[in-house]
Each structure stands twice: as structure tokens, then as C-alpha cells.
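Okay, structure first, notes after.
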Amino acid sequence: MKEYRTKDGPYPLRLLYETREIDDICLDALKQAKLLPGEPEPIKIDLFLEKYFEVPLIYEDLGEGIMGSTVFNSKGAVTGFTVAPWIEEEGTATSERRVRSTLAHEGGHGLLHSKLFIADHTADLFSHSSGNYRPKNFLCRSTDISPSPGATPKYDGRWWEWQANRAIGGLLLPRPTVRKLITPYLEESTFGPRLRESLRSKAEKEVAEIFDVNPVVARIRLEEMFPMEKHQSL
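The sequence shown begins at 0 in numbering that gives the first Met the number 0 and counts up by one.
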């Protein structure tokens, strides 16, 4: 991870993570919490948040359109996660999976962004910022977390939300277990294993069902792992 000072946005630091680095951070956290399954199955994301961060998971109305929140103290430690109960009011598999994505998104903030809230690291930086404003949490809206079906999330400049969204795949679809599941869908190529394009839709469906995520999450994750270009990488 690299960091540099910035005057753009609400944070005095900008943190830069490689995409593979985010995957590794998520994988290490799952292992530390002893919640990385040996075989492909749904990640117990609610238990992970409570066990790894040692904080409560609260369901509470956060305001119109706000799906979740991650709160930090001045030492950069997570003090709690909040999820809006209206997300799962539909009582459908889709809404329940949306809750799982929201929890993973908030977990991403907890894993990746604690440095933004450490008083010793940011006091001088904030003292020179306009209004001397120091954020204490992330309030994440539906547009931050849930891409519409068939769409790929677009980067809008809020790097912290983009990184938290990358952690959804890292936490709910760990690379080793996804790789294990889709091995039958792979073929060898000059540049290593790649996903057979004729089987991509079938693979996406199986990943969504086995890991209990919405199809769009499975599609994005497989596109990350096995892009639809000639040169694919693991």
C-alpha cells in the first residue's frame, strides 16, 4: 500500500492498493478469523465482521438510501458496523445477498481504511484543511455498493468506495476457493489457464449459487480473475 497527501476529497491521505493486494488482505483476514472454508461454500460474512473486528453488527435505519456504515475511533480501530434493515425487507434471496454484499463492503472499509482515522497520522493534515473537518465513519449508499444487473461499477473518483467494492469479491469470493470451484470450466492457453467463454455464463451461475452472492457479483469477480480478453491472468 502506498499513500500520499491530498487536498482533494474528505480525507487528507490517499491510499493506493494494488487489486491483488486487496485480495491478499481479505484472504489473510478470513484465515485469521478461521472462516476461510476448505471447500467452496458461502462465507459467513456477518460472523467474520464480529469475530475479526470484535465489534457488534447493528441493524438500524441510517437515513434514506444509506445501506451501511463503518465507524472508527481516533486510533483507527473499527468500533462498529451498521446495516440498514430495509435492505432485506423484501425477504428474497436477492435482498439477502444484497445484505451480504453490504457487509463485505463495510468489512472492506474496516480492513483497508483505518489509517484515514488515526489522529496521530492526520491531525496536522486536517488542521490545515478547510473547516478542520475530520470524518469518523463511512456512510455508504446503494449507489456505492450495488451495481445494477449487467452493469460494471464505474469509478467516480471516490477511491475509498472503489476499494471497498473490490473487497466484496475478496471476502465473499476468495480467489483460492473460487478457483477450486471453476477448475472444470478452465482450459489451458499460451498465457496459462483461462475461462472457457462458452462456459462463462454457466460458471457465473454456479459461483453465485455456491457462494450465495447475486449474479452480478459473481460476474464481476470472474471478470476480474479471468478477463474476457486474449491475455488472461490468475
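We put the beta carbon where it would ideally sit given N, CA and C, even for glycine.
If you check the beta carbons only, do residue i and residue j fall under 7 Å apart?
i	j	result
Gly-169	Ile-21	yes
Ile-44	Arg-99	yes
Arg-218	Glu-203	yes
Glu-105	Gly-156	no
Arg-195	Glu-187	no
Which residues share a DSSP beta bridge with residue i?
i	result
Gly-79	Val-70
Leu-56	Phe-80
Phe-137	Thr-69
Arg-13	Tyr-3
Leu-194	Leu-185
In chain order, what residues of the same chain lie with their CB nearer than 6 Å to the CB of residue i, ignoring the 5 residues before and after it?
i	result
Glu-95	Glu-87
Cys-25	Ala-166, Gly-169 and Leu-170
Leu-15	Lys-1
Ser-126	Note that Ser-126 scores a pLDDT of 45, beneath 50, so its modelled location is shaky and nothing firm can be said.
Using a Cβ-Cβ cut-off of 7 Å (strictly less than) and excluding sequence neighbours within five positions of residue i, which residues of its own chain qualify?
i	result
Val-54	Val-77, Thr-78, Gly-79 and Phe-80
Lys-74	Ile-117
Leu-61	Ser-68, Thr-81, Ala-83 and Leu-138
I think residue i touches residue j, with their Cβ atoms under 8 Å apart; what is that distance to the nearest whole Å?
i	j	result
Pro-36	Thr-176	6 Å
Ala-163	Leu-111	7 Å
Phe-71	Lys-135	6 Å
Val-82	Leu-115	Rounded, the Cβ-Cβ distance is 21 Å, inconsistent with contact.
Thr-5	Leu-12	7 Å
How about residue i: is its Cβ closer than 6 Å to a heavy atom in the ligand FAD?
i	result
Ala-166	Absent from the structure shown: the ligand FAD. Ligands present: none.
Can you find the residues in the same chain that come closer than 8 Å, C-beta to C-beta, to residue i, ignoring five residues on each side of it along the sequence?
i	result
Gln-179	Checking the sequence, you will find Lys at residue 179 rather than Gln. Hits under 8 Å: Glu-38 and Pro-39.
Ser-113	Phe-71, Gly-75, Ala-76 and Val-77
Val-216	Arg-96, Ser-100, Ile-167, Gly-168, Leu-171, Leu-172 and Ala-207
Ser-128	Confidence at Ser-128 is low in this model, with a pLDDT of 46, below 50, so its placement is unreliable and no value can be given for it.
Considering only the alpha carbon of each residue, which of the options lies closest to residue i?
i	options	result
Lys-30	Glu-105, Pro-173 and Pro-192	Pro-173
Arg-140	Glu-63, Trp-158, Thr-93 and Trp-159	Glu-63
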